[in-house]
Every structure is written in C-alpha cells, then in structure tokens.
Amino acid sequence: MKRCTPRLLMMALLLSLGLIVVFIDSNLAWRSLPSSTRVFHTFKQLVHTEPKSTLEELQLVQTLHNITQNTSQPRGIVIPVYEPIIKLAASLILELRTMGVDSPIELPHCGDVSVETQQLMLQKRALGSIIFYDVCERAASVAVEGNSTKKVFCQDIKACHTKFRSFDIKVLAVVFSSFEEIMMVDADTAFFVNPTVLWGSEKYKTTGTLLMNDRTAHEIYFMAERITGDPKISAQHLYMSKFKVAPFRSLPTLEREKAFLQNTAPVSLEFEPSDFLLNSHSWNLRTGHQVDSSLMFWNKKRQPRATAILASFKTLSEIGSPPSYGDKELYFYAAELAETQYSFSDHAIGAVGTDYQDYGSSLRESRMSWKGFRQNYRHKKHDLKCNEEHQFQLVVIQHAKAEAHAYLQSNSKKKK
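See below:
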C-alpha cells in the first residue's frame, strides 16, 4: 500500500475546511433572513413540537364544528326559558317589540315548558316571530361523527335534563341556535333602549363578539379558587394551562396580535394568551368573576374555533368545564383559548345592592325615575355607554323586573 504524500494530505485538509466554511456561511445566511422568509421553517418546527391530536379528539372537534355551524338564519335573539320564568320572557319580548325590534326570537328549553304554554304564546301576534324548541332533546341525539355509539353531550334525555336544567342550557342555546349572529338575553332582563343597536357597534363588527364585565369580588372563589394549595395558582390558571388547544387549530379564527405583557402566573400555556387575559382582574387574582352573561353577542360564523371550544366545555369528553359561576365566563374562556380577537364593554358593572330600602329617594337612569321601591332582592345593572356616532345608554336591570312593572302600573293608576 502506498503512503499518502504530504501534498495529498494538505489537499484533503483544505477540502474539509472549505466544506465547513460553506456550511457555516449558509447557516448564518439562513438565520439572517427576515422571519417572513423563514415562516415555512418555523411552521415545520411547530408541527414537530406541538403534541399530536388523537383521532378521537379530531372527530369530536369536527362534530362540534358541524353542529355549531349548522345555521339557517342570519341573525336573531335567544332567550333560554323554563316554565317558572316564561311570563318574564313574554314581558321582555313585548318590550322589545314595542321598541321596534322585529328580529326572530328563539326560546330554547330543556323539556320544562308545557305544551299549553307554548301554544298560548304562539297564538299571541304581538310577540312576533318566536320559536320554541327542546334543546336538550337535540343534545341527547348527537353522537360523534365516525363513532355513532359515542354520545357527545349526554347519554340520554334523562341525563340531559339533569345536566342542562341549569345555567348550562345557555351554552347549548348558542351551540344549537339556527342564527349565525346571536344576541342572548336572560329572561329577567329589562331594557330601556333598543339593545340591537349593539350589533352595529365597532367592537362587535370587528370581532363578532361583545361581552359584559362582571363585578370585582370573591377573589378566592370561582375562577380565583386556590385548588392546588399554592396561593399563586388559581383554578383559572390551572384549567387554562392544561387545556389542549391543538385539536381545534384546524378551525378558522380571527388572528390576534401577540401579547406584549408577560405571563406572571406560575403556569405555562399551550396557547398564545392575549393582553386582555394577562391584564385581567381574574388572571391577576383580584376577582373570582370576569363576565356577566345576562346580555351577550356572539357571531358563530366569524368565531368557528371559539364556538367549537365553547361547545366542548359541555361534552362528555375529558375536556371538562372551566371554573365559572354558571355559564358566565365560558364565552370568555372559549374566545381566549381560540387565540381569536374578542371584545368586552369598556365600562364596569354597577350594583344597586341586596337590601334596598326606600327613604324618599329615587333611582334615576336613562330619563326614567323609579320611586317607592320597598322590596328585598338581588339585581345587577350594566351601564354601557357607547361613544359611537349616535350616543346612547343601555341599562340592564336584572331580577327586579316584576317589581318595576307593578310599580309603574300602580303609579299610572294613581295619576288617573
């Protein structure tokens, strides 16, 4: 065997050094490219690092998407009802019709509104276009696409009655509504200004959502409950840190800007949080509440991912429901986890109190004076002042509606 001459060794060494230089140069050139040029490379990295979704998870997401997007009307009002509050709902509808609101109104129930009541209301022309339907019956019939033996929301109608004869019927009402755009209202709500003008607000038109703020209270309960023993980690932190966003990422969303604020909670998140979340009272352990859902606007067509996530909270899967007092915060959780744009009112909630005594005073809002209240009740008030082209005030009074009507009627009789 011939030995390598020094000249050959030198040539091999120079060739090796040349290859190393080319590799380093190409790598530096790639890294110097703007991020937009490297987006495909970044996407490949994300695909490799994001946890894979199972077939079962993807089937559930697709099922929820198909249900929520099965709409037949562009816009309408949804008022979930049950027999004891049906008269309040009828009164609310009459108020809306008097204000000139001619939108169709859905009245979903969970099998707890009698046929006689439904027939009676359907005969009243003054109520306009109203639709009763048993939303629990629909929920009980839904199975996962591709696995007809696996139910989505409940095993049977009896289980649905147990599960959804509560605040949670409101989530089903959004999921199964035939409207693309929903204004959902509690039956015990009173309006002094036509609320449908909010469909034209800039916030709703931009994001397809409009949520109302709730009070700052109960800083160790509900969303803010410390269930791990760590005083810095709330139930909200824990739930959102464990939520698996990946199966829903195939659904469209309104892309939002990356947050500027840092996440100060000692939990890591699988989704990109918004500045609103990171700055919110609930995330920073100042309150156990974030949303009041007595009035809520939601566009299912513009928010397909958020709507599917909302529906997932009430499925029989391992997803589970977020910490919330009833349904209130679920719309907020859904929008945040969907990594979408969403809107809140700029104004805080106001509270009249729990034991209102009259000592000759009067309550004045929106050019209306109520005097002589002598009832003990709980109610909340939203004062939403929108500085749009046409300024207006919207005042929502809950849980005092029947008393208000009684007072106004008695007052008008005295004047006569």
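Be aware that the sequence shown starts at 183, since it is given in the working numbering, and climbs by one per residue. Yeah, the Cβ is synthetic: ideal placement off N, Cα and C, and Gly gets one too. All figures in this text were calculated on a predicted structure; none of them were measured in a lab.
Spatial neighbours of residue i in its chain, beta-carbon cut-off 6 Å, leaving aside the 5 residues before and after
i: C568; result: With a pLDDT of 35 at C568, under the threshold of 50, the modelled position of that residue is not reliable, and no figure is offered here.
i: A516; result: A488, I491, L492
i: Q227; result: Residue placement at Q227 is poorly supported in this model, since its pLDDT is 34, which falls under 50; the coordinates still yield a value, given next. For Q227, where only same-chain residues beyond five positions count, there are no Cβ hits under 6 Å.
i: I259; result: S285, I287, M365
i: E239; result: P429
Whether residue i touches residue j by CB criterion (8 Å)
i: P377; j: M365; result: yes
i: T250; j: K482; result: yes
i: Y605; j: H471; result: Lying before the first or after the last residue shown, residue 605 is absent from the chain, which here runs from 183 to 598.
i: I267; j: L309; result: no
i: E177; j: T299; result: Here the chain has residues from 183 to 598 only, and residue 177 is not among them.
Rounded Cβ spacing between residue i and residue j (contact assumed at less than 8 Å)
i: V334; j: V324; result: 4 Å
i: C292; j: C336; result: With a Cβ gap of about 11 Å, C292 and C336 do not count as contacting.
i: F358; j: R320; result: 5 Å
i: D338; j: A322; result: 6 Å
i: R438; j: E511; result: About 19 Å separates the two Cβ atoms, so there is no contact after all.
i: V473; j: F442; result: The Cβ separation is near 23 Å, so there is no contact.
i: E363; j: R279; result: Contact flag wrong, Cβ pair sits at about 19 Å.
i: A271; j: L246; result: Actually they do not touch by this definition, with Cβ atoms about 28 Å apart.
Residues that DSSP places opposite residue i in a beta bridge
i: K333; result: A325
i: H599; result: Any property of residue 599 remains undetermined from this structure, which presents the chain solely from 183 to 598.
i: T378; result: For T378, which the question treats as bridged, DSSP gives no partner whatsoever.
i: V367; result: L477
i: E437; result: T522
i: F361; result: Q255
For residue i, the first and last residue of its enclosing beta strand (DSSP E)
i: N395; result: 391-395
i: L477; result: 473-481
i: V260; result: 255-260
Boundaries of the alpha helix (DSSP H) in which residue i is found, first to last residue
i: I339; result: 339-346
i: T299; result: 297-304
i: I249; result: 237-250
i: I275; result: 268-280
i: K424; result: 417-424
i: L354; result: 351-358
i: T489; result: 486-494
i: N461; result: 457-461
Residues near residue i in its chain [Cβ-Cβ closer than 8 Å; skip 5 each side]
i: T331; result: A325
i: M192; result: none
i: N445; result: L451, P455, L460
Same chain only: Cβ atoms within 7 Å of residue i, ignoring 5 sequence neighbours per side
i: G282; result: N376
i: Y386; result: L380, L392, F479, S525
i: S235; result: A428, P429
i: F241; result: Reading off the sequence shown, one finds Gln at residue 241, where the question assumed Phe. So the list reads V326, E327, G328, N329, once near-sequence residues are dropped.
Test: residue i CB closer than 8 Å to a CB of chain B
i: I275; result: Judged by its chain identifiers, the structure shown contains no chain B, having just a single protein chain.
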